[in-house]
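A.B. asks:
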Amino acid sequence: MPSGIVALVGRPNVGKSTLFNRLTGQRQAIVDELAGLTRDRLYGVTEWRGRRFTVIDTAGIDPSLIRDDPGLAVLAAGTQQQARLAIEEADVCVQLVDVRAGITALDQEVATILRRGGKPVILAGNKAESTRDPHYAHELYCLGLGEPTMISALVGTDTGDLLDRVVDDLPPAGNTNGAVIADELRLAIIGKPNVGKSSLLNALVGEERALVSPLAGTTRDTVDTIVRHRDRAVRLVDTAGIRRRGVIDTNVEHYSLLRAFRALERSDVALLVVDANEGVVAQDRHVAGYAVDAGKGLVVIANKWDLVDQERRADPSFLKSLQEAFDFIPGVPLLTVSALEGRNLRRVLDTAATVATARAVRIPTAALNTLLRDAFLAHPPRNDKGRQLKLLYATQASTPAPTIVLFVNDPDLLHFAYGRYLENRIRAVFGFAGTRMRMVARARADRER
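Residue numbers (the UniProt record's numbering): 1 to 449.
#1: Within a Cβ cutoff of 8 Å, which residues of the same chain sit near D161, ignoring the five residues on either side of it in sequence?
#2: Just checking my contact of D284 with K197 at CB under 8 Å: how many whole Å lie between their CB atoms?
#3: Within a Cβ cutoff of 6 Å, which residues of the same chain sit near E324, ignoring the five residues on either side of it in sequence?
#4: Using the Cα positions of R362 and A401, report the straight-line distance between them to the nearest angstrom.
#5: As a quick exercise: from N13, E184, R228, pick the residue whose alpha carbon is nearest that of R100.
#6: Considering only their Cβ atoms, is the gap separating V408 from A397 smaller than 7 Å?
#7: Take the Cβ of F416 as the centre, count every other Cβ of all protein chains shown within 10 Å, and call the residue buried at 16 or more, exposed below.
#8: Along the chain, where does the beta strand (DSSP E) containing D275 start, and where does it finish?
#9: Give me the Cα-Cα distance between Q388 and R382, rounded to the nearest whole angstrom.
#10: Per DSSP, which one or two residues make a beta bridge with F407?
#11: Just to confirm before moving on: does the CB-CB distance between A203 and L345 stay below 7 Å?
#12: Can you tell me whether A141 is buried or exposed? The criterion is at least 16 other CB atoms within 10 Å of its CB, across all chains shown.
#13: If I measure Cβ to Cβ from A90 and keep anything under 7 Å in the same chain, skipping five residues before and after, which residues do I get?
#14: If you draw a straight line from the C-alpha of E170 to the C-alpha of E423, how long is it?
#15: Can you look up D91 in the DSSP assignment and give me helix, strand or coil?
#16: With burial defined as no fewer than 16 other Cβ atoms inside 10 Å of the residue's Cβ, what is the status of K320: buried or exposed?
#17: Rounded to whole angstroms, how far is the Cβ of L335 from the Cβ of R347, which I believe are closer than 8 Å?
#18: Examine the Cβ distances between the segment 262-271 and the segment 295-306 and report whether three or more of them are shorter than 8 Å.
#19: Please classify R379 as buried or exposed, where buried requires at least 16 neighbouring CB atoms within 10 angstroms.
#20: With H, G and I counted as helix, E and B as strand and the rest as coil, what does DSSP make of D327?
#21: Excluding the 5 residues preceding and the 5 following L368 in the sequence, name in chain order all residues of the same chain whose CB lies nearer than 6 Å to its CB.
#22: Given a threshold of 16 other Cβ atoms within 10 Å of its Cβ, counted over all protein chains shown, does T104 qualify as buried or as exposed?
#23: Please indicate yes or no: does the CB of V155 lie closer than 6 Å to some heavy atom of the ligand ATP?
#24: Out of G117, V195, G144, V121, state which residue places its alpha-carbon closest to the alpha-carbon of S338.
#25: Is it right to say E265 is buried, meaning 16 or more other beta carbons lie within 10 angstroms of its own, or is it exposed?
#26: Rounded to the nearest angstrom, what separates G60 and F376 at their Cα positions?
#27: With 16 other CB atoms within 10 Å as the buried threshold, where does T58 fall?
#28: Closer than 8 Å by C-beta to A29: which residues in its own chain qualify, once you throw out the five before and the five after it? Chain order, please.
#29: In whole angstroms, give me the CA-to-CA distance for G386 and A352.
#30: With the cut-off set at 7 Å, would you say A276 and S3 are in Cβ contact?
#31: Rounded to the nearest angstrom, how far is the Cβ of G331 from that of R427, given a contact under 8 Å?
#32: Exposed or buried, what is Q95 when buried is set at 16 or more other beta-carbons lying within 10 Å of its beta-carbon?
#33: Quick one: grab the DSSP three-state call for residue 450.
#34: Going by C-alpha distance, which of F20, P364, H229 is nearest L154?
#35: Do you know how far the Cα of E278 is from the Cα of V429?
#36: What is the rounded straight-line gap between the Cα of V273 and the Cα of K390?
Written as structure tokens, this is what we have:
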């Protein structure tokens, strides 16, 4: 799981997205691509000096806003807003400026907001691939953010120096701002605005006897509550207050995702709350994808079931459509509840505990190899240009999320469909409900090393 959030901040057209792509590009095997993301990706994961962290691209003022009102006021308001969002959620902010264009009034406004935020800020002078004149670096000091790092996001020049500074400024990995109770189950309540996350939290606290409430969380209005469930402490991390007065609509999804990142860092299982009456939307899938790709267990909570009319409740295809919206996560549990009426709440914590247990299952190596060899015999892989995938050995990696490492003759011969077939055979025996399983193919030489 990545630990720490780094936000790339700046006015439009200074190269935030280019730097984002440079840091989290597909060429890096450490980056997990998430199914169902919007065309303009908001986040990615990268690693530097052994530290994995999330990178947020705060680019993206809605072009329609600019078309409707092309004035500087709209542009400035959008830039200030995305800077404020970054300050509230990030551990480190990187302000990018275009050294060729020079410092603008919007650059000054962003820098002022960042200085007041109290977070570590690194100033990066971008587009310096053909500009090595020290004069350009000296000009950046007027922003009051200290010594700038001159980079070229386009060609990658000195981005390593920038990452060195980022890692130095990140808080220690695993800092959860609160003691963890032994055998504690940590649940993150996540979801888009107005789906009933806080209502679910309050209903669960009312259902079980609260031990401590509230405990200060990692952000100003993220609150932890501990309840006792079947003789086990359960920490509920709520991401309430996502939509605030003054947050423009174009930033609502961005802000929701930032809240989810922070909560997920400190959780074992995510409770993704969706509006059953409205149905599953793209953002629900985005957050679900991030949760499972981060190695967390997942339970989908279809809340507001009381608002679903009787005809749809009685129609099996309606519930099936909700389940199929998350078909990219095999075996994810989906519960229909009404937090308002207290309906079906007992199953929430029971199911979350079941998923947490499944996520931690360790398959004996001998049993895993027997199962996979039987799977190869029952359904051999197809020939690929005269070559066939051969399994040499398999083991489960020591990671929080179930990861099966296959040592094979050629990793390129393991196609997606056959990997899914092997995964289904493993799940049929060992479960792993609500958890994404990773199938990693490695060459024979990797095993010999």
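We treat Cβ as the ideally placed atom computed from N, Cα and C, and that holds for glycine.
C.D. replies: According to the structure data:
#1: Here residue 161 refers to the residue found at position 161 of the sequence shown. Within the same chain, D161 has close Cβ partners T149, I151.
#2: Locating residue 284 in the sequence shown gives position 284, where the first residue counts as 1. Locating residue 197 in the sequence shown gives position 197, where the first residue counts as 1. Not really, about 12 Å apart at Cβ, beyond 8 Å.
#3: Start at 1 with the first residue of the sequence shown, and residue 324 comes out as number 324. Excluding sequence neighbours, E324 sits near nothing in its chain.
#4: Looking up residue 362 in the sequence shown gives position 362. Looking up residue 401 in the sequence shown gives position 401. Looking at the two C-alpha atoms, the distance is approximately 10 Å.
#5: Your numbering for residue 100 matches position 100 in the sequence shown. For the residues N13, E184, R228, the minimum Cα distance to R100 belongs to N13.
#6: Within the sequence shown, the letter at position 397 stands for residue 397. Within the sequence shown, the letter at position 408 stands for residue 408. No, these two residues do not count as a Cβ contact at 7 Å.
#7: Numbered from 1 along the sequence shown, position 416 holds the residue referred to as residue 416. The residue in question, F416, is exposed, as its Cβ has fewer than 16 Cβ neighbours within 10 Å.
#8: Locating residue 275 in the sequence shown gives position 275, counting from the first residue. First-last of the beta strand (DSSP E) with D275: 269-275.
#9: Counting from 1 along the sequence shown, the entry for residue 388 is found at position 388. Counting from 1 along the sequence shown, the entry for residue 382 is found at position 382. The alpha-carbon atoms of Q388 and R382 are separated by roughly 6 Å.
#10: The count along the sequence shown starts at 1 and reaches residue 407 at position 407. DSSP, once it has assigned bridges, lists Y393, R442 as partnering F407.
#11: As a working mapping, residue 203 is identified with position 203 in the sequence shown. As a working mapping, residue 345 is identified with position 345 in the sequence shown. Yes, these two residues count as a Cβ contact at 7 Å.
#12: By one-based count along the sequence shown, residue 141 stands at place 141. The sequence as given places Tyr at residue 141; Ala does not occur at that position. Exposed: under 16 other Cβ atoms inside 10 Å.
#13: Here the question's residue 90 lines up with position 90 in the sequence shown. I5, V6, A7, I56, K119.
#14: The count along the sequence shown starts at 1 and reaches residue 170 at position 170. The count along the sequence shown starts at 1 and reaches residue 423 at position 423. The displayed chain sequence assigns Leu, not Glu, to residue 170. When rounded, the distance between both Cα atoms is 36 Å.
#15: As a working note, residue 91 is residue 91 in the sequence shown. Residue state, collapsed to three classes: coil.
#16: Residue mapping note: residue 320 aligns to position 320 of the sequence shown, counting from 1. Taking all protein chains shown into account, K320 has fewer than 16 neighbouring C-beta atoms within 10 Å of its C-beta and is therefore exposed.
#17: Walking along the sequence shown from the start, residue 335 turns up at place 335. Walking along the sequence shown from the start, residue 347 turns up at place 347. The Cβ separation is near 5 Å, so the contact holds.
#18: yes
#19: For the purposes of this step, residue 379 is taken as residue 379 along the sequence shown, with counting starting at 1. Residue identity differs from the one stated: residue 379 is His in this sequence, not Arg. H379 should be labelled exposed.
#20: On the sequence shown, residue 327 is found 327 positions in, with the first residue counted as 1. DSSP, read as helix, strand or coil, puts D327 in coil.
#21: Looking up residue 368 in the sequence shown gives position 368. If we look at L368 and ignore the five residues flanking it on each side, its Cβ neighbours are A394.
#22: Here residue 104 refers to the residue found at position 104 when the sequence shown is read from its first residue. So T104 ends up on the exposed side.
#23: The ligand content of the structure shown is nil, which means the ligand ATP is not present either.
#24: Sequence index remark: in the sequence shown, residue 338 carries index 338 (1-based). Ranking the options by Cα distance to S338, first place goes to V195.
#25: Locating residue 265 in the sequence shown gives position 265, counting from the first residue. With 16 or more other Cβ atoms within 10 Å, it is buried.
#26: Looking up residue 60 in the sequence shown gives position 60. Looking up residue 376 in the sequence shown gives position 376. Its pLDDT being 37, under 50, G60 is placed unreliably in this model, and the value from its coordinates should be taken loosely. Straight-line Cα distance between these residues: approximately 47 Å.
#27: Along the sequence shown, one-based indexing puts residue 58 at 58. It is buried - the Cβ of T58 has at least 16 other Cβ atoms within 10 Å.
#28: As a first step, residue 29 is located in the sequence shown; it is residue number 29 there, counting from the start. Reliability fails at A29, whose pLDDT of 24 lies under 50, so the model's placement of it is uncertain and the value that follows must be treated cautiously. For A29, where only same-chain residues beyond five positions count, there are no Cβ hits under 8 Å.
#29: As a working mapping, residue 386 is identified with position 386 in the sequence shown. As a working mapping, residue 352 is identified with position 352 in the sequence shown. Computed Cα separation, rounded: 46 Å.
#30: As a position in the sequence shown, residue 276 is number 276, starting the count at 1. As a position in the sequence shown, residue 3 is number 3, starting the count at 1. The answer is no: Cβ separation not under 7 Å.
#31: Taking the sequence shown and counting its residues from 1, one reaches residue 331 at position 331. Taking the sequence shown and counting its residues from 1, one reaches residue 427 at position 427. Right, their Cβ atoms sit about 6 Å apart.
#32: The sequence position of residue 95 within the sequence shown is 95, counting from 1. By the C-beta density criterion, Q95 is buried, having at least 16 other C-beta atoms within 10 angstroms.
#33: Residue 450 lies beyond the stretch modelled for the chain, which goes from 1 to 449, so this question has no answer here.
#34: Position 154 of the sequence shown, counting from 1, holds the residue named residue 154. That would be F20, whose Cα lies nearest to the Cα of L154.
#35: On the sequence shown, residue 429 is found 429 positions in, with the first residue counted as 1. On the sequence shown, residue 278 is found 278 positions in, with the first residue counted as 1. Near 35 Å, if we compare the C-alpha coordinates of E278 and V429.
#36: Residue numbering aside, residue 273 sits at position 273 when the sequence shown is read from its first letter. Residue numbering aside, residue 390 sits at position 390 when the sequence shown is read from its first letter. Looking at the two C-alpha atoms, the distance is approximately 42 Å.
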